[in-house]
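S.K.:
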Amino acid sequence: MSSEVNPELLLNLKEFGVEDAATCFNCGNCTAVCSLSSEATPFPRKVIRYLQLGLKDKLVASPEPWLCYYCGDCSETCPRQANPGEVMMGLRRYLTSMYDWTGISRLFYTSKVFEVTAILLVAALVGLGFYFFHGPMLTDRVALNVFAPNTTIEILDLIMLAVLSFFLLTNAYRMFKAVMGDPDQYPALSFAEKQQVQNRLLRGVPLAIYIREAKEFVLQFFTQKKFAACGTRSQNIQWINHLLIMTGYSIVFALVVIGIRWFQRDEIYPLWHPIRVLGYYATFAILYGTTIAIWGRIKKSKTVYEHSHSSDWAFLILLWLTTFTGILIHVGRLLELPLTTYAIYVIHMMIAVPMLVIEVPFAKWTHQLYRPLVLYLMKVKQRALQGV
Ligand code: SF4
Ligand code: SF4
64 MSSEVNPELL LNLKEFGVED AATCFNCGNC TAVCSLSSEA TPFPRKVIRY
114 LQLGLKDKLV ASPEPWLCYY CGDCSETCPR QANPGEVMMG LRRYLTSMYD
164 WTGISRLFYT SKVFEVTAIL LVAALVGLGF YFFHGPMLTD RVALNVFAPN
214 TTIEILDLIM LAVLSFFLLT NAYRMFKAVM GDPDQYPALS FAEKQQVQNR
264 LLRGVPLAIY IREAKEFVLQ FFTQKKFAAC GTRSQNIQWI NHLLIMTGYS
314 IVFALVVIGI RWFQRDEIYP LWHPIRVLGY YATFAILYGT TIAIWGRIKK
364 SKTVYEHSHS SDWAFLILLW LTTFTGILIH VGRLLELPLT TYAIYVIHMM
414 IAVPMLVIEV PFAKWTHQLY RPLVLYLMKV KQRALQGV
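Residues in the sequence shown are numbered from 64 upward in steps of one, following the working numbering.
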């Protein structure tokens, strides 16, 4: 079970924000302090060793980078300032680009010019779409559904959902193949047993195990519960913040992409209507969570905020602006300002659409899928290997 050595690996990873890994001398301190590391999946030392040795195949098959929630404990205790927490973060960017068969993730993470151009290009296309195809602009009242009929937006949303799902799921399948085929996570096994394990993991896991363990995926996807296991008060606050963004984002995504005909209506719902309450919760959750994260990065108030990649900024800023312009639309409707509301609506869409079509399948949002997926696959593996 030999592995090809790639001497350029450490250099390549610098493009993804892995800066200080070369200084690591493998003392193992980071693995000892990490409360999420375990005997079966020890990290971060093991994956840092892989990248120092140029073992790209092993790195791509490693689930560990997705098991780290970037609390920063390991970086604070590293005697060599190798910043293992940030190395894990950079590895997640790298792995995202390795799973993505289109190559867009790689360009997005390694070229600021591409990142900015892609966002501006999609925004410009949305703006042009509204310029040429918007409906009548009634001025005696705010009539968003005349300006941009929700039935048309719904069709476009569903097309977008199908395209995003295609990219996201095909990339997730590549991750699944990579992660499920690594028997080196079981060092106690002999060579022959490892081969047997590999065959079994990829081809022989009974469907019943996947179904039985699916609850793990659902639980981790919606709660990010593992994050809370990091332990300290500061980490719990970070988890709550993460949870607010995640739940707010999921609610808005469901309301806008699937439930647009109930969400975008010209009559304003009563204050306690469930859709209005959900909208207010999602707005508060995203705005609060992203403001805290942006402010922390500006102030560099925690170890985890010290090194921000441009893609982290792009996601947070787009999400913050999408939410803020969403609030302005609501205010425009409440104040009955038709033209102002239509103009803000177009700006809102020019921010929201790039955030969805770039971030969801190719960039930061993918973490929301890959993390719970890896935790789920770890459980499936554990069950499947019982009896080997
Ligand atoms: S990253 Fe730091 S703490 Fe971890 S093994 Fe390397 S030198 Fe030790
Ligand atoms: S950042 Fe936290 S969770 Fe991630 S490896 Fe370091 S100690 Fe573990």
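Don't be surprised by glycine CBs; every beta carbon is placed ideally from N, CA and C.
Anyone know if the C-beta pair for Y408 and A186 falls short of 8 Å?
M.R.: Not in contact: Y408 and A186 (Cβ atoms no closer than 8 Å).
S.K.: Going straight from the alpha carbon of N75 to that of I357, what length do you get?
M.R.: Rounded to whole angstroms, N75 to I357 spans 28 Å at the Cα level.
S.K.: Within 10 angstroms of the Cβ of S98, are there 16 or more other Cβ atoms? Answer buried if so, exposed if not.
M.R.: S98 comes out exposed.
S.K.: Which residue wins for smallest C-alpha separation from A271, given the options A447, F79, A348, V123?
M.R.: Comparing Cα-Cα distances from A271 to each of A447, F79, A348, V123, the minimum goes to A447.
S.K.: Is the closest heavy atom of ligand 2 to the C-beta of L99 under 7 Å?
M.R.: Checking the Cβ of L99 against ligand 2 gives yes.
S.K.: Is it the case that the Cβ atoms of Y351 and L318 are separated by a distance below 8 Å?
M.R.: In this structure, L318 does not lie closer than 8 Å to Y351 by Cβ.
S.K.: Is there at least one non-hydrogen atom of ligand 2 closer than 7 Å to the beta-carbon of A87?
M.R.: Note that residue 87 is Cys in the sequence shown here, rather than Ala. Outside the cutoff, so no.
S.K.: Just to check my reading of the structure: L154 and V268 have Cβ atoms closer than 8 Å, yes? What is that Cβ distance to the nearest angstrom?
M.R.: In fact, because the Cβ distance is near 26 Å, the residues do not count as touching under 8 Å.
S.K.: Is it the case that the Cβ atoms of T354 and W335 are separated by a distance below 8 Å?
M.R.: Against a cut-off of 8 Å, the Cβ pair of W335 and T354 comes out as no contact.
S.K.: Cutting at 8 Å between CB atoms, please list the residues of its own chain near L432, excluding the five before and the five after it.
M.R.: Within the same chain, L432 has close Cβ partners L231, A235, F284.
S.K.: When the Cα of G389 is compared with those of L114, V315, F425, which residue comes out closest?
M.R.: Of the candidates L114, V315, F425, the one whose C-alpha sits nearest the C-alpha of G389 is V315.
S.K.: Could you give the distance in angstroms between the alpha-carbon of V189 and the alpha-carbon of L397?
M.R.: C-alpha separation (whole angstroms): 25 Å.
S.K.: Can you list the alpha helix (DSSP H) stretches of 4 or more residues lying completely in the region 162-242, in chain order?
M.R.: The region 162-242 contains these whole alpha helix (DSSP H) runs: 167-173, 175-196, 207-210.
S.K.: For Y368, does the count of other Cβ atoms within 10 angstroms reach 16, so buried, or fall short, so exposed?
M.R.: Buried, by the Cβ-count rule.
S.K.: Suppose you measure from the CA of V451 to the CA of G244; what does that come to, to the nearest Å?
M.R.: At V451 the pLDDT is 49, less than 50, meaning the model places this residue with poor confidence; the figure from the coordinates comes in the next sentence. C-alpha separation (whole angstroms): 15 Å.
S.K.: Looking at ligand 2, does it come within less than 7 Å of G80, judged from the CB to the closest heavy atom?
M.R.: Flag unset: Cβ of G80 not near ligand 2.
S.K.: The alpha helix (DSSP H) with Q115 in it runs from where to where?
M.R.: 108-116 is the extent of the alpha helix (DSSP H) around Q115.
S.K.: Quick one: measure Cβ to Cβ for I421 and F171, integer angstroms, because I've assumed they're closer than 8 Å.
M.R.: Contact holds; Cβ gap of about 7 Å.
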